[in-house]
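Residue numbers (my numbering): 12 to 576.
By construction, the Cβ of each residue, glycine as well, lies at the ideal position given by its N, Cα and C atoms.
For reference, the structure is listed below as structure tokens.
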Amino acid sequence: MGNYENINTLIPKGIEKKKAYLVGGGIASLAAAAYLIRDGHMDGKNITILEETHIIGGAMDGSGNAKDGYVIRGGREMEEHYECCWDLYSKIPSLSNPKRTVLDEFRELNIVDPNESTCRLLHNYGEKADFSSLGLSDLHIKQLTMLFLATEEELGATTVEQYFHPSFLETDMWYFWRSMFAFQNWHSVVEMKRYMQRFMHLLPGMSRLKNIMFTKYNQYDSMILPLEKWLKSKNVAFNLHTQVIDLNIDIHENKKTVTAIHLLRNGKDEIIHTSENDLVFVTNGSMTENSTLGSMNEPAILNREVGACWTLWKNISNKYPSFGKPEVFCSDIDKSKWESFTITCTDSKIADLLKNLTGRDPFSGKVVTGGIITIKDSNWLLSVTCSRQPHFINQPQNVLVLWAYGLFPDNVGDFVKKKMCNCTGKELVTELLYHMGMKDEIPEIIKTVNVIPCMMPYITSQFMPRVKGDRPDVVPEGSSNLAFLGQFAEIADDCVFTVEYSIRSAMMAVYTLLNLEKKVPEIYPSKYDIRVLAAATKTLYSGRPLPAEWIVHKLLKNTTLEGLI
């Protein structure tokens with residue numbers, strides 16, 4: 012207990028003399044600031060968040076209005092076993108009722124209005140496709156089982172298409188998987204393996220998106236705003252328009268200490284000098300860096316420049332091998348990009364279309380599509396979703412907000428004979444309406460919508476094939492005051508492209524650098540639960556007789572359960 016000033020309150024020694032600098036204003040930095048205050052007992056006035064843009068929130072965004080159009084670059088699917096995320100929000104007051112927490116309201120909302128899709132797949136221009144099974148053969152199941160059992164070292168930088176038989180990429184399971192998680196054929200099969208293990212308990216509901224949870228409003232209004240408000244009440248400093256360029260890092264033998272932070276503040280060079288007593292947290296890499304927006308009449312232009320956050324990580328990584336290899340993730344944007352578009356509908360027939368497809372009233376305040384609807388025969392592989400409405404706090408009652416995206420922005424459309432990436436908002440929604448069986452209604456519906464495209468060069472860069480060492484540890488070996496946060500720091504067994512991953516990295520970083528005698532919650536161990544294994548196996552066979560002797564033997568042999576049964 013010698014590391015604490017006061018044994019009764021577990022206040023770390025010297026915490027009042029420490030300062031913390033957090034590079035990046037996304038959820039990872041916000042969470043780290045919260046844990047510094049809550050569990051590290053740091054005074055908020057000693058915490059500074061350095062953000063390049065004009066707004067806090069990073070990839071968890073939501074902006075606009077009914078007149079000019081709303082913008083959501085991406086969405087967040089969540090589930091009950093986000094242990095770190097719910098730990099954080101169990102202490103953050105709700106915006107609507109400060110006596111309740113964000114977690115209180117989230118939990119109650121999802122109990123009253125549980126999610127389930129009634130229209131997961133479309134084809135043949137608006138016709139519901141069968142989504143009752145995963146459509147797997149015995150070969151596919153055997154390959155999935157062996158993937159579950161393989162080690163990450165054995166798989167290395169293998170891609171999905173290198174690992175599986177080509178026929179797997181035509182199954183409904185792959186349609187479900189790639190549209191839920193934005194996986195591409197050329198992405199890392201190791202990341203797919205992690206998802207399989209981490210979320211195995213969700214496999215029985217995969218085709219219906221059952222047990223997936225959503226916030227009341229968009230992720231910015233529901234998750235970023237209440238956390239930002241709480242941090243500001245604790246006097247945390249938010250320095251916007253502040254771009255961190257580089258760090259000075261003193262490396263002596265194996266000890267690594269940040270001694271200075273180089274930055275551009277409102278275009279002017281500045282240096283913040285730091286010591287071993289200070290803490291520096293860096294969100295290395297970004298999924299939404301260099302995002303560009305279009306409009307109803309203009310396409311979103313792809314920005315191929317190297318983003319500022321990637322440049323910072325490259326500058327840091329050049330100083331020592333354990334700081335990772337950013338070029339693995341940011342060097343091929345044609346394999347990490349896709350395009351989304353937000354549709355603002357005012358007094359639109361789209362409301363009737365959604366009601367006919369889902370059997371749900373979009374204005375009921377409950378889940379509408381129950382997650383994304385994927386169009387199987389779309390050349391862009393379009394998916395669209397309508398979440399609970401209103402989706403924005405300031406959204407009028409006669410307005411709906413939909414979000415859609417396409418995984419193949421370089422493909423030519425089936426109706427609009429242009430590459431998706433070259434299409435205006437009007438052309439994007441035209442192609443979507445065509446596939447939803449509304450071809451004859453397009454001219455009338457176009458008058459009732461405002462569509463804003465968004466091109467994201469790095470949106471799936473975290474899924475690029477990689478090996479051990481390509482991502483730095485949250486706290487690299489020998490680091491005295493530097494930690495990495497977010498989607499490009501290494502956390503064993505957890506899954507990138509989740510809010511949980513970012514918040515877990517924050518908790519790990521704070522607890523480690525402050526040497527707190529607190530444990531980070533373990534990742535939910537569903538893969539070790541015999542009930543989960545049995546339900547997953549049954550789901551893979553989708554009602555067929557289970558030739559499960561080989562599979563069960565293999566699974567149990569490679570878990571801690573074999574000696575228990």
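Pro483 is the residue among Asp50, Pro483, Lys538 and Gly80 whose C-alpha sits nearest the C-alpha of Thr294. Taking each of Ile22, His134, Ser375 and Ser144 in turn and checking the Cα distance to Gly51, the smallest one comes out for Ile22. Here Asp289 is buried, its C-beta having at least 16 other C-beta atoms within 10 Å. By the Cβ neighbour-count rule, Val291 is buried, with 16 or more other Cβ atoms within 10 Å of its own.
If you look at Cys320, you'll find it in the alpha helix (DSSP H) that goes Ala319 to Ser328. Contact check between the stretch 342–362 and the stretch 435–449: three or more CB pairs, one atom from each, fall below 8 Å, which counts as touching. Taking a cut-off of 8 Å on C-beta distances, the stretch 195–204 does not touch the stretch 222–238, as fewer than three cross pairs fall below it.
Exposure of Asp141 is indicated by the presence of fewer than 16 other C-beta atoms within 10 angstroms of its C-beta.
DSSP places Cys465 in the strand class (E or B) of the three-state scheme.
A residue is called buried when at least 16 other Cβ atoms come within 10 angstroms of its Cβ; Ser394 meets this threshold and is buried.
The C-alpha of Met467 lies about 30 Å from the C-alpha of Val521.
In the DSSP assignment, Thr550 falls within the unbroken alpha helix (DSSP H) covering Ile541 to Tyr552. Residue burial annotation: Thr299 is buried, with at least 16 other C-beta atoms found within 10 angstroms of its C-beta. With distances taken between CA atoms, Asp54 lies nearest to Lys245 out of Lys245, Glu528 and Lys24. As summarised for the stretch 298–373, the continuous alpha helix (DSSP H) elements at least 4 residues long and confined to that stretch are 319–328, 338–341 and 361–369, given in chain order. Judged by DSSP secondary structure, Asp141 falls outside any alpha helix (DSSP H); it is assigned neither H nor E. About 11 Å separates the CB atoms of Lys428 and Asn422; that is not less than 8 Å, and the two are not in contact. For Tyr81, the enclosing beta strand (DSSP E) starts and ends at Gly80 to Val82. In the pairwise beta carbon analysis, the stretch 376–396 is classified as not touching the stretch 316–336: fewer than three pairs are separated by under 8 Å. Rounded to whole angstroms, the Cβ separation of Lys348 and Pro420 is 6 Å, and the two are in contact under 8 Å. Nearest neighbour of Ile384 by Cα position, chosen from Leu33, Asn301, Gly480 and Phe187, turns out to be Phe187.
At least 8 Å separates the beta-carbon of Ile262 from that of His273. Nearest to Tyr512 by alpha-carbon distance, out of Leu238, Leu150, Cys95 and Tyr32, is Cys95. The criterion of a C-beta distance shorter than 8 Å is not satisfied by Thr169 and Leu145. Per DSSP, Asn121 is one residue of the alpha helix (DSSP H) stretching across Val113 to Val123.
Straight across, the Cα-Cα distance linking Ile404 with Asp232 is about 7 Å. In this structure, Asn461 sits near Met307, with a CB-CB distance shorter than 8 Å. The stretch 487–496 makes no contact with the stretch 66–75: fewer than 3 CB pairs, one atom from each, lie closer than 8 Å. Secondary structure at Ile66: coil, using DSSP grouped into helix, strand and coil. Residue range Asp149 to Leu160 is occupied by the alpha helix (DSSP H) that includes His151.
Cβ contact annotation for Asn126 (same chain, cutoff 8 Å, sequence separation greater than five): Leu220, Lys221, Asn222, Ile223, Met224, Phe225, Val378, Gly381 and Gly382, in chain order.
Three or more beta-carbon pairs separated by less than 8 Å are not found between the stretch 531–550 and the stretch 106–120, which leaves the two stretches without contact. Assigned with DSSP and collapsed to three states, Lys267 falls in strand.
Under the three-state reduction of DSSP output, Leu444 falls in the helix class. Here Thr355 is buried. Its C-beta has 16 or more other C-beta atoms within 10 Å.
Beta-bridge partners of Glu501 (DSSP): Asp484.
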